[in-house]
Structures are given as C-alpha cells and as structure tokens.
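Data first, discussion second: the structure below is written as structure tokens.
See below:
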C-alpha cells in the first residue's frame, strides 16, 4: 500500500467530472448547430469544445486512475489530455479568425498563423504516439508520482511538452491582444467581453496550478480546495465563448423573429395587394383585350398608310432622281460656262494689257512725230535762212562781177597806158629805157591781173551758177520739207485720233473686262450654288431613301406588331381564363 503525502479526495475529482460533463453537452450542442448551419464559427467552437472536453475528461480519468492506483492507465490518459490541449494550438487562432472582426492584413496574417498551427498540431500528435517520451511518456512516471496521488497516473513530460506549452502561452497572449484590439477599435464588447473574461480565468487558473506545483499551496480565494484551477478556467473560457456565440446566435434568432413578424405583416399586405392585383389584372386584361382589338384596327390602317406612304416615297424618289439628273446636267453646263468665262476673262485681261501697251506705244510715236515735226519746221526755217543767205551771196557775187568788170577796164587801160609808155620810151631812146622796163612790168602785171580777174570771174560765174542751183535745190528741199511737215501734221493728227481711239478702246475694254469679271464671279456663285443644290438634292435623295427604308421597316414592324397584337389578344384571353380558373380554385 502506497503512502501518499497528498491523498486524492472526492472533492478533487468532482470539479473535473462536472466540467467534462458540461463541456460534453456544450460540444454536443455546437456539433448539432454546425450540422444545421455549416457555419465556420460553429466549427471553431466544435474544435475548441473537442480540445477542452478531451483535456478535462482526461484530467478526470487521470485523477480516477490515481485514486484507483492504476498509474499505467493514468499515463495513457495523461497523453490523451496533452494531445487534447495541443488541439488548442490550432483551435485558438482559428476561433479568433471566425470570432473577431479583422482588417484584411490582420486576417491574412491570422490565416497563415492557423494554417501553420495545424501543421504544428499534427506534428505534436504524431510524435505523441510514435515517440511518446519526447512529449508525454507512457512508461516513465513523474518524480512525484508516489508523493501526490493526483500525479500518480502522470508520465514524465519531454522537451516537446515544454515547446508546446511555450507556443500555447504565446497564442493565449496573442488571443488576449486580439480581443482587446477588436473591443477597442470595433466596439464589440457586447459579444467579446465574456470570451475575454473566460480567457483571463483560464490564464489565472494555469498560473495558480503552476505555483501550487512548486509551493504545494493554492493562492486563491479557496486555498483549502485542492482541484485543478486550469480545468475550471479552461471550462469557463469555453463555456463563456460558447455563450458569446449563442448570444450572437440568439440575437440573430431574435432579429429573425422580428423579421418574421414583419414578413407576416408584409404577407398580409401582399395578400391584399394580390387580391387588388388580381382584380385590377382582371379588369385591365378585359380592357386590354378591347384595346388590342382597336389596336389591330389601327395597325391595319397604319399598314395601309405605310404602304401608301412607301408608294408616294417611291414616286418622290423617282422625281428627285430626275431632278438630280437635271441638276447634274445644269451643273455640268454651268461648269463649262464657268470655264469659258474664265478663259474669256483671261483673254480680255491679256487684250486689256495689249491695249494698254498700244496706248503707251502710240503716245510714244505721237511724241516722236511731234519731235520730228518740230525738227522739220526748224529745218525749214534753217533752209529759209540759208536761201536768204544764198540770195545775199548771189547779190554779193553780182557786185563782185561789177567790180571785176571795173578792174578789167582798169587793166585794159593800164595795158593801154603801158603800151603808150613803151612807145614813148622807145621814142626817148636810152633815156626812156628804164621807163620802158617799168611799163613792161606794169603791162605784165596788168596782164596777170586781167588773167586773175578772168579766173575770178569764171569762179564767180560758177559760184553764181552753183548758188542758183543750190537755191533751186533749197527751194525744192523747203517745198519737200513743207510737204513732209504737212504730212507729219496729218500723221500726228491721225496718230492723235488713233491714240484717242485706242484709249477709248482700252477704257471700253476695261469696262468689258470688269463686266466679264462680274459675270465670272456670278458664274462662280452660280457654280457654287449649283454644287450646294446638287449636294442638297443628293441629301434629299438619301433622306428620301432613308425614309423609304424606314417606311419599309415600319411596314415590316407593323406586321410584327400586328402579329404581336394578335398574340397579345390570345395571351389576354388565356390570362382571363387562368384568372377565372384561379378564382374558381380559391
């Protein structure tokens, strides 16, 4: 018989059994709720419930096995207990994921976290059954298994057990932090406060249990009661969380009941509306049947009008095409006329330029002829002066001839005197010899003078003859120049008249050019107007074509509408029949 320092009493086992029973019913409730709702939040509570129920129930069995002194069986339950506690590694973040209102980034982080924790949980479970000594031994007893009967059925915890507890502690702190954030930011204290308090109680129970292991005392309000505080704490956390979810569920049910009442009222209103609709539909269907008959008559008239309209449009379209063809011919003639006027305008402009050049040349010729006339008159005057000069020379020549006659007479007298002197000298003999020489020389000089006078006379006669000839020629030249001057005056008058005529022609040509230019501009305007008219007629033709097509479409649609109206009449008759049958069934 083993003598324990701390013996198990019934008061030690009862809280664990009671808590496991409560958790079982809570778990059963949420399993049923999940089966009905397939809600992820209910699934998370199922996972938390399985973890808590397996942990608390295994704790109860460990205590019972210790009380029955069956440590080997107790160690098996110890392993199951810690496997159940390991489910919280995955269950806590998954529960937070479904319970809390997270931001997208936080939700993404939490998703990654609980997926990682699934893997960690599976690894712990695998190690717990393949290599249990690394987690919870089922062959080696704890060092105090003979001292405390409550630990008589517990095995030695391995290093993985410590790692698991560390991870679980961090997750619990993460859960606390998450609850605080959601309650502060989203003001969801109504739904989260109970779970938050339960989590604090679970942490409180775990701390009290750890302290009691090392001190042997429970530092709480009931230190004399020796039971696992963490069992009660985890149970309260799970129950309060279930209560929070149930409260949310009940709120939804309450809202559903309110909605149900509203729906009942709406159903009554809908029933009344349905009666009103049936009555209205019956009356309107009858009216619609009557209107449909009238619509068929109107559509028949509309179809006839559409056909008449299509025929009229065809005639108008043919007329417009004829007008378009005539307009095209007129436009072509207008284009040719515009081109001819354009060419005529260019020719008139060239002619005007030539006339202006002729006026300029005529003016220059007139000025030249006037200069020639002035020069001819000047030549006439010069010839007249020359004639007078020749007459004067002729008179002078006559006077010279008289003088020569006098000189010849004197020369003859000198010869006669010299002859008398020679005779007298001969008579004088030697005394008259010198005088004879002088007389001889004087006779020679008189002969030379007579000879020179004769030569001069001949020259003067020739000169007079030449002067007379020159005077006759000068007279002829004067007469010719006078004739030329008269002819030049005639030419000048004719050139003046021609210049005036050319000037008038140039002015008239300018007026004609202006008229042609005006006609060209008018032709251009006519051409532009014809182009616009052609485009307008084309647009009218296109519009009439569109109207014709629209009329044909209207005719086709009219046929469709007629068929639809007939179908509508049939449907209205069918609706009336169905309404009658429905009312008879009611």
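Residue numbers (my numbering): 5 to 590.
Using N, Cα and C, we set each Cβ at its ideal position, and we do this for glycine too.
Worksheet item: Under the rule that 16 or more other beta-carbon atoms within 10 Å means buried, what is residue 63, buried or exposed?
Response: Under this definition residue 63 is a buried residue.
Practice prompt. Just confirm the distance between the C-beta atoms of residue 10 and residue 144, as a whole number of angstroms; I'd bet it's less than 8 Å.
Written response: About 21 Å separates the two Cβ atoms, so there is no contact after all.
Discussion item. Taking 8 Å as the cut-off, does the stretch 79–94 touch the stretch 54–70 (at least 3 CB pairs, one atom from each stretch)?
Written reply: Contact between the stretch 54–70 and the stretch 79–94 is present, because at least three Cβ pairs lie under 8 Å.
Worksheet entry | Which of helix, strand or coil DSSP assigns to residue 35 | Shown here, residue 35 sits in a helix according to DSSP, grouped into three states.
Fill in: Residue closest to residue 420, alpha-carbon to alpha-carbon, out of 529, 408, 437 and 449
Answer by Cα proximity: 449.
Fill in: From 412, 158 and 91, residue whose alpha carbon lies closest to that of residue 69
Of the listed residues, the one whose Cα sits closest to residue 69 is 158.
Worksheet item: If you pair each beta-carbon of the stretch 21–37 with each one of the stretch 164–174, do three or more pairs fall below 8 Å?
Response: No: fewer than three Cβ pairs fall under 8 Å.
Discussion item. Using a 10 Å radius around the Cβ and a threshold of 16 neighbouring Cβ atoms, would you call residue 382 buried or exposed?
Written reply: Residue 382 should be labelled exposed.
Worksheet entry | Same chain only: Cβ atoms within 6 Å of residue 71, ignoring 5 sequence neighbours per side | Counting only Cβ-Cβ distances below 6 Å, and skipping sequence neighbours, we find 12.
Worksheet item: Unbroken alpha helix (DSSP H) runs of length 4 or more, entirely within the stretch 108–149: which are they?
Response: Those alpha helix (DSSP H) runs which fall completely within the stretch 108–149 and span 4+ residues are 108–134.
Practice prompt. Go through its chain and collect everything with a Cβ distance to residue 59's Cβ below 7 Å, but skip five positions before and after it.
Written response: Here the set comprises 85, 88, 89 and 238.
Item to complete: Note down, one range per segment and in chain order, each alpha helix (DSSP H) of at least 4 residues found wholly within the stretch 18–102.
Response: For the stretch 18–102, whole alpha helix (DSSP H) runs of length 4 or above, ordered along the chain, are 44–71.
Worksheet item: So, is residue 271 buried or exposed, given that buried needs 16 or more other C-beta atoms within 10 angstroms?
Response: Residue 271 is exposed by the Cβ-count criterion.
Worksheet entry | From 120, 262, 182 and 8, residue whose alpha carbon lies closest to that of residue 147 | Nearest C-alpha to residue 147: 8.
Item to complete: Say whether the stretch 94–109 touches the stretch 184–200, bearing in mind that this needs 3 or more beta-carbon pairs closer than 8 Å, one atom from each stretch.
Response: Touching, yes, given that three or more Cβ pairs across the two stretches are closer than 8 Å.
Worksheet item: So is residue 57 buried or exposed if we call it buried at 16+ other beta carbons inside 10 Å?
Response: With at least 16 other beta carbons inside 10 angstroms of its own, residue 57 counts as buried.
Worksheet item: Distance, Cα to Cα, residue 523 vs residue 538?
Response: One Cα belongs to residue 523, the other to residue 538, and the distance between them is close to 21 Å.
Worksheet item: Is it a yes or a no for the stretch 412–429 touching the stretch 388–398, going by three-plus beta-carbon pairs under 8 Å?
Response: Touching, no, given that fewer than three Cβ pairs across the two stretches are closer than 8 Å.
Worksheet item: Considering only the beta carbon of each residue, do residue 178 and residue 97 sit closer than 9 Å?
Response: Their beta carbons are under 9 Å apart, which means residue 178 touches residue 97 by this criterion.
Worksheet item: What are the boundary residues of the alpha helix (DSSP H) that includes residue 166?
Response: From DSSP, the alpha helix (DSSP H) with residue 166 extends over 163–190.
Item to complete: Tell me whether residue 186 counts as near the ligand COA, meaning its Cβ is closer than 8 Å to at least one heavy atom of that ligand.
Response: Inclusion of the ligand COA in the displayed structure is not the case, the ligand content being empty and no account of it being possible.
Worksheet item: Are residue 377 and residue 496 touching if we call contact CB-CB under 9 Å?
Response: Yes, the Cβ-Cβ distance between residue 377 and residue 496 is below 9 Å.
Worksheet entry | 6 Å CB neighbourhood of residue 141 in its chain, flanking five on each side removed | Once the five neighbours on either side are set aside, the close Cβ partners of residue 141 are 159 and 160.
Worksheet item: Considering only the beta carbon of each residue, do residue 222 and residue 215 sit closer than 9 Å?
Response: Between residue 222 and residue 215, the gap from beta carbon to beta carbon is short of 9 Å.
Worksheet item: Bridge partners of residue 10, per DSSP?
Response: Answer is 152, bridged to residue 10.
Item to complete: Taking only runs that begin and end inside the stretch 507–560, name each unbroken beta strand (DSSP E) of 3 or more residues, in chain order.
Response: With a minimum length of 3 residues, no continuous beta strand (DSSP E) run stays inside the stretch 507–560.
Item to complete: Within 10 angstroms of the Cβ of residue 462, are there 16 or more other Cβ atoms? Answer buried if so, exposed if not.
Response: So residue 462 ends up on the exposed side.
Worksheet item: Got a sec? Which residues, its chain only, sit under 8 Å from residue 471 by beta carbon, not counting five neighbours each side?
Response: Take residue 471, set aside five residues on each side of it, and the residues of its chain with a beta-carbon closer than 8 Å to its own are 394, 397, 398 and 401, in chain order.
Item to complete: Out of 526, 513, 464 and 385, point me to the one whose CA is closest to residue 407's CA.
Response: Of the candidates 526, 513, 464 and 385, 464 places its Cα closest to the Cα of residue 407.
Practice prompt. Specify the secondary structure class of residue 157 as computed by DSSP and reduced to three states.
Written response: Reduced to three states, the DSSP call for residue 157 is coil.
Worksheet item: Using a Cβ-Cβ cut-off of 8 Å (strictly less than) and excluding sequence neighbours within five positions of residue 125, which residues of its own chain qualify?
Response: The beta carbon of residue 125 sits closer than 8 Å to the beta carbons of 90, 91, 93 and 94 from its chain, once the five residues preceding and following it are set aside; these are given in chain order.
Worksheet item: Taking the Cβ atom as the reference point for each residue, do residue 245 and residue 52 lie within a distance shorter than 9 Å?
Response: Contact annotation: residue 245 and residue 52 have beta-carbon atoms nearer than 9 Å.
Fill in: residue 104 (DSSP reduced to helix, strand or coil)
If DSSP states are grouped into helix, strand and coil, residue 104 belongs with coil.
Worksheet item: If residue 242 sits next to residue 27, beta carbons under 8 Å apart, how far is it from one beta carbon to the other, in whole angstroms?
Response: Right, the Cβ-Cβ distance comes to about 6 Å (below 8 Å), so this counts as a contact.
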